[in-house]
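Colleague: To start, I am sharing the structure in question, which I have written as structure tokens.
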Amino acid sequence: MAIFSVRNVQIAGVSACVPKNKVSNLDYDWITLKERKLLIKTTGIAHRRIVPKGVCTSDLCLLAAGKLLQELHWQPQDIDLIIFVSQTPDYILPATAIILQNRLGLSKNTLAFDINLGCSGYVYGLSVVANLLQGGQMKKALLLVGDTSSVGTSPRDKSTTPLFGDAGSCTALEYCDLPNTTTFYNLQSDGTGQNAIIIEDGAYRNPIDEHYTFAYQEHQPGIIRNGQNLALEGMDIFNFTLREVAPNIRQLLAHFQKNLSTIDYFLFHQANLLMNESVRKKLKIPKEKVPYSLKDFGNTSSASIPLTMVTQLQTQLTQQKLSLLLTGFGVGLSWGSCLLQTDQIACPDLVEV
Amino acid sequence: MQLTELVQKIAEEFEDTPKEQITAITKLKDLEEWSSMHALIIIALIDNHYDIILTGEEMIDAQTPTDIYNIILQKQANK
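If you want it as structure tokens, here you go:
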């Protein structure tokens, strides 16, 4: 059972970067105007930021990292490890974290690797970094997390295109031998749901070889895509989220004897409003404790939690001591929660490129 | 849980369809206003009011409010 705590690690700062290019779901003319309005109302997603051709997740993360390092006055040679969490890497290989080690000017004594996770990735990434730092021999880490999901969606797929936005983030973590630096995790997986969100072709199960066809297929009315596009079974994801997320949070809190009412903010992966609000109501969390970045940025996959921190909680994060519960859930299926405290961390303005 | 109550709750989720047009035997997907978004809205509604989570498959198979009602009853019995 992956319920555990990690001592002596704290977040020093968090930053995020999005493309300037803004699209409105009101203009998504693959569906009728009436459908668009219902979609915006139900999902809560009005606008999304979309990368121009050629811009990768790593580019967004790099800019977020640069800004944060500057704000923290951390030098590249101070960094002991860098982890990149994403499902939109630069290449199938090598790992993007290693490319970023070079681009950020980090030393060759840096540990670097990728984690292939989406919606749950931020929480998983935090747990890995915290575990690597807790011994106190490595002191400073960068966790770069993000996705450019828009690149893989078919414009003629109403079940994916209007949901996803692009974003990158950087979280700086450090070893810290002070009280209130324990973080708590409950991480879960269910591979029976592997097809609920999937890009089927282009890796090694279904490689693109000389026999491969890029043919588009109509799967349902309004859903035309090929095997390299992101496919999403909305109702299955909905069922999964309603079933698993609230119990995961309750189990974490019960295991460590923590009280839900002492938590200042709940940062949910920004999936869609109807789904997230259903989870919030199940847990009887007051509305004001659950910030959303969905409206302006859509579902930004692994970046959604840090992006929500930067865009919705900047003042609180920089000026106050906070108890936060972070919960990611989705593709895998993979989900998990993390309870942590922050104390006046660095949180520079959102970077737009 | 009453069937009439469920029908009423489902009818409230359709803004443009007159309430009296939605009955226990209305094929919801034949309504002019129906969109795939309504399937999600109904799953959330059933979860919120009856604490029953419908699967995607159940929602695809269910045609009428009566079908949904029967699934809820069956799932409540198996709980």
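Sequences listed follow chains Y and H, in order. Sequence positions in the first sequence follow the working numbering and run 1367 to 1719. Sequence positions in the second sequence follow the working numbering and run 99 to 177. All C-beta atoms, glycine included, are put in the ideal place defined by N, C-alpha and C.
#1: Residues in its own chain within less than 7 Å of Y/I1589 by CB, not counting five upstream and five downstream?
#2: Any beta carbon of chain Y sitting closer than 8 Å to that of H/I123?
#3: Under three-state DSSP, which class holds H/K127?
#4: Beta carbon of H/I166, beta carbon of H/L104: below 8 Å?
#5: Counting only runs that start and end within the stretch 1472-1537 of chain Y, where is the beta strand (DSSP E) found for 3 or more residues in a row?
#6: What does the alpha-carbon distance come out to for the pair Y/P1506 and Y/I1445?
#7: By DSSP's criteria, Y/Y1631 is part of a beta bridge. Which residues make up the other side?
#8: Would DSSP call Y/G1379 helix, strand or coil?
#9: In terms of alpha-carbon separation, which member of Y/Q1441, Y/I1481 and Y/V1421 lies closest to Y/S1668?
#10: Can you find a CB in chain H that lies within less than 8 Å of the CB of Y/E1718?
#11: Please name the residue in Y/V1375, Y/G1518 and Y/G1559 whose C-alpha comes closest to that of Y/K1568.
#12: DSSP on H/I144, reduced to helix/strand/coil?
#13: So, does the CB of Y/E1584 fall closer than 8 Å to a CB anywhere in chain H?
#14: Report all residues from its chain with a CB closer than 8 Å to the CB of Y/N1638; omit the five preceding and five following residues, and keep chain order.
#15: Do the stretch 1545-1559 of chain Y and the stretch 1370-1379 of chain Y make contact, defined as three or more Cβ pairs closer than 8 Å?
#16: With burial defined as no fewer than 16 other Cβ atoms inside 10 Å of the residue's Cβ, what is the status of Y/K1653: buried or exposed?
#17: Determine, using beta carbons only, whether Y/N1642 comes closer than 8 Å to chain H.
#18: Excluding five sequence neighbours on each side, which residues of the same chain lie with their C-beta closer than 6 Å to the C-beta of Y/Q1680?
#19: Taking 8 Å as the CB-CB limit, is Y/G1600 close to chain H?
#20: Report back the beta-carbon spacing between Y/A1612 and Y/V1656 to the nearest angstrom; my notes put them in contact at under 8 Å.
#21: Identify whether Y/N1374 lies in helix, strand or coil by the three-state DSSP scheme.
#22: Would you give the residue range spanned by the beta strand (DSSP E) that Y/C1704 belongs to?
#23: According to the neighbour-count rule (16 or more other Cβ atoms, all chains shown, within 10 Å of its Cβ), is H/F112 buried or exposed?
#24: Compare the C-beta of H/I120 against all C-beta atoms of chain Y and say whether one is closer than 8 Å.
#25: So the candidates are Y/N1605, Y/L1649, Y/P1587 and Y/N1642; which of them puts its Cα closest to the Cα of Y/Q1617?
#26: I want to verify the contact list: residues of chain H whose CB lies under 7 Å from the CB of Y/L1608, in sequence order.
#27: Starting from the beta carbon of Y/L1405, find every residue of chain H whose beta carbon is closer than 7 Å, and list them in chain order.
#28: When you compare only the Cα positions, how much space is there between Y/Y1394 and Y/K1386?
#29: Check whether the Cβ atoms of Y/C1427 and Y/C1536 lie closer than 8 Å to each other.
#30: To the nearest angstrom, how far is the alpha carbon of H/E130 from that of H/A137?
#31: For Y/T1693, go through chain H and note every residue whose CB falls closer than 8 Å to its CB, in chain order.
#32: Could you pull out every residue in the same chain whose Cβ sits closer than 6 Å to the Cβ of H/I140, ignoring the five residues on either side in sequence?
#33: With a cut-off of 8 Å on the beta carbons, I'd call Y/V1451 and Y/L1716 a contact; round off their distance for me.
#34: Can you tell me where the beta strand (DSSP E) with Y/K1388 in it begins and where it stops?
#35: Spatial neighbours of Y/Q1554 within its chain, please: CB distance less than 8 Å, with the 5 preceding and 5 following residues excluded, ordered by chain position.
#36: To the nearest angstrom, report how far apart Y/Q1436 and H/T153 are at their CA atoms.
Modeller: Taking the geometry as given:
#1: Against the first sequence, residue 1589 of chain Y aligns to sequence position 223. Once the five neighbours on either side are set aside, the close Cβ partners of Y/I1589 are D1523, K1524 and S1525.
#2: For this step, residue 123 of chain H is matched to residue 25 along the second sequence. Closer than 8 Å: no.
#3: In the second sequence, the residue the question calls residue 127 of chain H occupies position 29. Three-state result, H/K127: helix.
#4: Numbered from its first residue, the second sequence carries residue 166 of chain H at position 68. Numbered from its first residue, the second sequence carries residue 104 of chain H at position 6. Yes. Within cutoff.
#5: 1477-1481 and 1506-1514
#6: Working through the first sequence from its first residue, we reach residue 1506 of chain Y at position 140. Working through the first sequence from its first residue, we reach residue 1445 of chain Y at position 79. Sequence inspection shows Lys at residue 1506 of chain Y; the Pro mentioned does not correspond to that position. If you take the alpha carbons of Y/K1506 and Y/I1445, they lie about 5 Å apart.
#7: For the purposes of this step, residue 1631 of chain Y is taken as the residue at position 265 of the first sequence. Paired residue(s): Y/L1690.
#8: Against the first sequence, residue 1379 of chain Y aligns to sequence position 13. Three-state DSSP puts Y/G1379 in a strand.
#9: Locating residue 1668 of chain Y in the first sequence gives position 302, counting from the first residue. Checked all of Y/Q1441, Y/I1481 and Y/V1421; the closest Cα to Y/S1668 is Y/I1481.
#10: Within the first sequence, residue 1718 of chain Y is the residue found at index 352, counting from 1. So no, Y/E1718 is outside the interface.
#11: Along the first sequence, read from residue 1 onward, the residue named residue 1568 of chain Y stands at position 202. What sits at residue 1568 of chain Y in the sequence shown is Gly, not Lys. Ranking the options by Cα distance to Y/G1568, first place goes to Y/G1518.
#12: Residue mapping note: residue 144 of chain H aligns to position 46 of the second sequence, counting from 1. It is helical.
#13: Residue 1584 of chain Y sits at position 218 when you count from the first residue of the first sequence. It does not; no Cβ of chain H falls within 8 Å.
#14: Taking the first sequence and counting its residues from 1, the one referred to as residue 1638 of chain Y is at position 272. So the list reads T1408, T1409, G1410, I1411, L1529, L1660 and N1665, once near-sequence residues are dropped.
#15: yes
#16: Stepping through the first sequence from its first residue, residue 1653 of chain Y is reached at position 287. So Y/K1653 counts as exposed.
#17: Taking the first sequence and counting its residues from 1, the one referred to as residue 1642 of chain Y is at position 276. Not one chain H Cβ lies under 8 Å of Y/N1642.
#18: As a working note, residue 1680 of chain Y is residue 314 in the first sequence. The answer, listed in chain order, is C1713.
#19: Numbered from 1 along the first sequence, position 234 holds the residue referred to as residue 1600 of chain Y. Yes, because at least one Cβ of chain H sits closer than 8 Å to the Cβ of Y/G1600.
#20: The residue given as residue 1612 of chain Y occupies position 246 in the first sequence. The residue given as residue 1656 of chain Y occupies position 290 in the first sequence. At roughly 13 Å, the Cβ-Cβ gap does not stay under 8 Å, so Y/A1612 and Y/V1656 are not in contact.
#21: Taking the first sequence and counting its residues from 1, one reaches residue 1374 of chain Y at position 8. DSSP places Y/N1374 in coil when its eight states are reduced to three.
#22: Locating residue 1704 of chain Y in the first sequence gives position 338, where the first residue counts as 1. Run containing Y/C1704: S1700 to D1709, per the beta strand (DSSP E) assignment.
#23: Along the second sequence, read from residue 1 onward, the residue named residue 112 of chain H stands at position 14. With 16 or more other Cβ atoms within 10 Å, it is buried.
#24: The sequence position of residue 120 of chain H within the second sequence is 22, counting from 1. It does not; no Cβ of chain Y falls within 8 Å.
#25: In the first sequence, residue 1617 of chain Y corresponds to position 251, counting from 1. Comparing Cα-Cα distances from Y/Q1617 to each of Y/N1605, Y/L1649, Y/P1587 and Y/N1642, the minimum goes to Y/L1649.
#26: Residue mapping note: residue 1608 of chain Y aligns to position 242 of the first sequence, counting from 1. Chain H residues near Y/L1608: D145 and I151.
#27: Reading the first sequence from its first residue, position 39 is the one you call residue 1405 of chain Y. Those within 7 Å of Y/L1405 in chain H are M135.
#28: Taking the first residue of the first sequence as position 1, residue 1394 of chain Y is located at position 28. Taking the first residue of the first sequence as position 1, residue 1386 of chain Y is located at position 20. Y/Y1394 and Y/K1386: Cα-Cα distance of roughly 18 Å.
#29: Your numbering for residue 1427 of chain Y matches position 61 in the first sequence. Your numbering for residue 1536 of chain Y matches position 170 in the first sequence. Contact: yes.
#30: The count along the second sequence starts at 1 and reaches residue 130 of chain H at position 32. The count along the second sequence starts at 1 and reaches residue 137 of chain H at position 39. Between H/E130 and H/A137, the C-alpha separation is close to 14 Å.
#31: If you number the first sequence from 1, residue 1693 of chain Y lands on position 327. What Y/T1693 touches in chain H: nothing, since even the nearest Cβ is about 17 Å away.
#32: The residue labelled residue 140 of chain H in the question sits at position 42 within the second sequence. So the list is empty, once near-sequence residues are dropped.
#33: For this step, residue 1451 of chain Y is matched to residue 85 along the first sequence. For this step, residue 1716 of chain Y is matched to residue 350 along the first sequence. At roughly 19 Å, the Cβ-Cβ gap does not stay under 8 Å, so Y/V1451 and Y/L1716 are not in contact.
#34: On the first sequence, position 22 is the one that residue 1388 of chain Y refers to. Segment K1388 to S1390, the beta strand (DSSP E) holding Y/K1388.
#35: As a working mapping, residue 1554 of chain Y is identified with position 188 in the first sequence. Cβ neighbours of Y/Q1554 beyond the five flanking positions: A1368, E1610, N1614, S1700, W1701 and G1702.
#36: By 1-based counting over the first sequence, the position of residue 1436 of chain Y is 70. By 1-based counting over the second sequence, the position of residue 153 of chain H is 55. Taking the straight line from one Cα to the other gives about 48 Å.
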